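Below you'll find the structure, written out as structure tokens, and then a few comments.
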Amino acid sequence: MDNRKIIQVEDKVPAKLLVPLSIQHMFAMFGASVLVPFIFGINPAIVLFMNGIGTLLFILITKGKAPAYLGSSFAFLAPAGVVISQWGYQYAQGGFVAVGAIGCILALIIYKFGTDWINVVLPPAAMGPVVALIGLELAATAAQTGLIVPTDAVPQVQTGNVIVFCVTLGVAVFGNVLFRGFLSVIPILIAIISGYVAALATGVITSANIMEALAQPIFQLPHFQLPVFKPEAIAIIMPVILVIASEHIGHQIVTSKIIGRDLLKDPGLHRSLFADNFSTMLSGFIGSVPTTTYGENIGVMAMTKVYSVRVIGGAAVLSIICSFIGPLAALIQTIPGPVIGGISFLLYGMIGTSGIRILVDHGVDYSKNRNLTLTSVIFVVGLSGVSLSIGDVQFKGMVLSALVGMALSLIFYIFDRLKLSNDLPHDKG
Numbered sequence: 000m001d002n003r004k005i006i007q008v009e010d011k012v013p014a015k016l017l018v019p020l021s022i023q024h025m026f027a028m029f030g031a032s033v034l035v036p037f038i039f040g041i042n043p044a045i046v047l048f049m050n051g052i053g054t055l056l057f058i059l060i061t062k063g064k065a066p067a068y069l070g071s072s073f074a075f076l077a078p079a080g081v082v083i084s085q086w087g088y089q090y091a092q093g094g095f096v097a098v099g100a101i102g103c104i105l106a107l108i109i110y111k112f113g114t115d116w117i118n119v120v121l122p123p124a125a126m127g128p129v130v131a132l133i134g135l136e137l138a139a140t141a142a143q144t145g146l147i148v149p150t151d152a153v154p155q156v157q158t159g160n161v162i163v164f165c166v167t168l169g170v171a172v173f174g175n176v177l178f179r180g181f182l183s184v185i186p187i188l189i190a191i192i193s194g195y196v197a198a199l200a201t202g203v204i205t206s207a208n209i210m211e212a213l214a215q216p217i218f219q220l221p222h223f224q225l226p227v228f229k230p231e232a233i234a235i236i237m238p239v240i241l242v243i244a245s246e247h248i249g250h251q252i253v254t255s256k257i258i259g260r261d262l263l264k265d266p267g268l269h270r271s272l273f274a275d276n277f278s279t280m281l282s283g284f285i286g287s288v289p290t291t292t293y294g295e296n297i298g299v300m301a302m303t304k305v306y307s308v309r310v311i312g313g314a315a316v317l318s319i320i321c322s323f324i325g326p327l328a329a330l331i332q333t334i335p336g337p338v339i340g341g342i343s344f345l346l347y348g349m350i351g352t353s354g355i356r357i358l359v360d361h362g363v364d365y366s367k368n369r370n371l372t373l374t375s376v377i378f379v380v381g382l383s384g385v386s387l388s389i390g391d392v393q394f395k396g397m398v399l400s401a402l403v404g405m406a407l408s409l410i411f412y413i414f415d416r417l418k419l420s421n422d423l424p425h426d427k428g
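Rendered as structure tokens:
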């Protein structure tokens, strides 16, 4: 039996624990979060700054009841890339602001009409596989980030990368099972440190990389810039609202299962969705990238059983500090892909397991045709690689499976109301 003490959302954390736990959360999100600004061609310092500010705003708006770290959203990559190539990054910022504003309006609509509709369009037989896909569809990304599978950029796997990946993953896996006391709540941080040492030993990173990072100016101001609003650019980016809304609901549900509380009810989906989109809107105004609740940090909570918003807030403060301290930000950027990939490998799997837990906890009855059909179709759609393109926005993976699951669930609900389903109680016997 796991005898680690659960540190709940509102629990106070001693200073000797707060710092390492906060560092652990910041490292968990770092690799994926700074990748987005690299793709967009902007300095990641502004993103670290906004991730921290957005997370603190999220905690404030949700009244400190919803533990979540906001990192860079990947949902905007394709449409924003089109806008940036045609007009420039500031025009993409205008789209980010517009999407965030619409998301805030959607949150107000949910506040008015409630969340009961979620049980209709995403019953447990649909929500379980959708949540599982949040982690499962990222498995390939973890392997690619870890440089343990060939890619177009890295066609040949290097032995050093494999060693670093295995050391990081091994320490995380066995540490999660074997560590006791204080060490049992920071297995991710210990794994990252172990992986970094292995990277130095194998030459994946060198002392020159570290010296170059430490040579950066002590104080650097993030690059702020205002958005430019262009109707055509906004129209290209706007459909992403469907993606981020589905992703947000899935993340809140899986977090609810992990911490044992219904976050859709308290503090409410309207608060968390508003906070998420308000952060995206603010990001667009200052020159950063859109933000979203992060699966990596959800995985950290599932693994460590530390749910305190004070820890998440501490990670946010550290992220803000890093955005202004040149050597610190540069040093964190020297953490190699195999370390980030090794950690993500385990964290993504834990998110997938959380989806299966939804099916178990709700006692989903697979003798009913609708449940069997829903789960089967959602898994196949999510893992098959099929996609649906609307304009410049592509729906695939978890998001497409969520949309398909919602449509099927709604149709099945209508069948039930019309008494057409063949597995209703009156059909038994």
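For the sequence shown, numbering that gives the first Met the number 0 begins at 0 and goes up steadily by one. Positions of the beta carbon are idealized from the N, C-alpha and C atoms, including for glycine. Since the model is a prediction, treat every value here as computed from it, not as a measurement.
Contact set for residue i: own chain, Cβ-Cβ below 6 Å, skip 5 residues either direction
i, result
"A141", "G340, S343, F344 and Y347"
"Y110", "H269"
"L358", "G127"
"L137", "Y347"
"N42", "H222"
"T374", "A124 and P128"
"V363", "P123, A124 and N370"
"I58", "V308 and G312"
Exposure label - residue i; buried when at least 16 CB within 10 Å
i, result
"G384", "exposed"
"V310", "buried"
"A200", "exposed"
"D265", "exposed"
"G113", "exposed"
"D275", "buried"
"I240", "buried"
"K256", "buried"
"E231", "exposed"
"F218", "exposed"
"R369", "buried"
"M210", "exposed"
"P149", "exposed"
"G53", "buried"
"E246", "buried"
"L107", "exposed"
"A328", "buried"
"P154", "exposed"
"G202", "exposed"
"I204", "buried"
From the options, residue whose alpha carbon lies closest to that of residue i
i, options, result
"A406", "Q85, P66, N42 and W116", "W116"
"G93", "I413, A234, Q219 and P226", "P226"
"P123", "L371, N421, I58 and L387", "L371"
"C165", "L16, I191, M280 and P36", "I191"
"V443", "A234, I41, L132 and L121", "Outside the shown range of the chain (0 to 428) lies residue 443, about which nothing can therefore be said."
"G40", "I350, T290 and S84", "S84"
"T291", "K4, V170, G99 and K11", "G99"
"I22", "E9, Y90 and L188", "L188"
"A74", "S420, G396 and L417", "G396"
"G381", "V129, L409 and V316", "V129"
"G283", "L59, L76, G63 and V96", "V96"
"S400", "L56, G80, I204 and V242", "V242"
"G87", "K15, L107 and K229", "K229"
"Y90", "A198, I285, C321 and V398", "I285"
"V170", "S193, T158 and V153", "S193"
"I320", "G404, V12 and A44", "A44"
"V253", "L402, M25, A14 and I133", "I133"
Sheet register partners of residue i (DSSP bridge)
i, result
"G102", "For G102, which the question treats as bridged, DSSP gives no partner whatsoever."
"G70", "T291"
"S386", "K395"
"I6", "V305"
"I324", "F218"
Proximity test, residue i beta-carbon vs the ligand COA heavy atom, cut-off 6 Å
i, result
"I162", "With respect to small molecules bound, the structure shown includes none, and the ligand COA cannot be examined in it."
Short CB-CB distance (under 7 Å) between residue i and chain C
i, result
"G384", "Note that chain C does not occur in the displayed structure, where there is just one protein chain."
Sequence-distant residues of its chain with Cβ nearer than 7 Å to residue i (five each side left out)
i, result
"V176", "none"
"K367", "D422"
"K427", "Low per-residue confidence applies at K427: pLDDT is 47, beneath 50, and the placement is therefore not dependable, though the value from the model is reported in the following sentence. For K427, where only same-chain residues beyond five positions count, there are no Cβ hits under 7 Å."
"Q215", "G325, P326 and A329"
"F273", "I60, C103 and A106"
"Y195", "I334 and V338"
Residues near residue i in its chain [Cβ-Cβ closer than 8 Å; skip 5 each side]
i, result
"I147", "V156, N160, V161, F164, P337 and G340"
"S71", "A31, S32, V33, L34, V35, P36, V46, N50, V288, P289, T290 and T291"
"L182", "G174 and I189"
"I258", "Q7, V8, P66, M300 and Y306"
"D261", "S255"
"G63", "V8, E9 and V308"
"M0", "Bear in mind that the predicted position of M0 carries a pLDDT of just 42, short of 50, making it unreliable; the figure below should be weighed with that in mind. Taken in chain order, the list of residues that qualify is empty."
Anticipated Cβ contact below 8 Å, residue i with residue j, distance rounded
i, j, result
"S353", "I6", "In fact, because the Cβ distance is near 18 Å, the residues do not count as touching under 8 Å."
"A301", "M349", "4 Å"
"L317", "L213", "18 Å between Cβ atoms; not a contact."
"V119", "Y412", "5 Å"
"G312", "L55", "6 Å"
"G351", "I377", "That belief does not hold up - the Cβ atoms of G351 and I377 are roughly 13 Å apart, past 8 Å."
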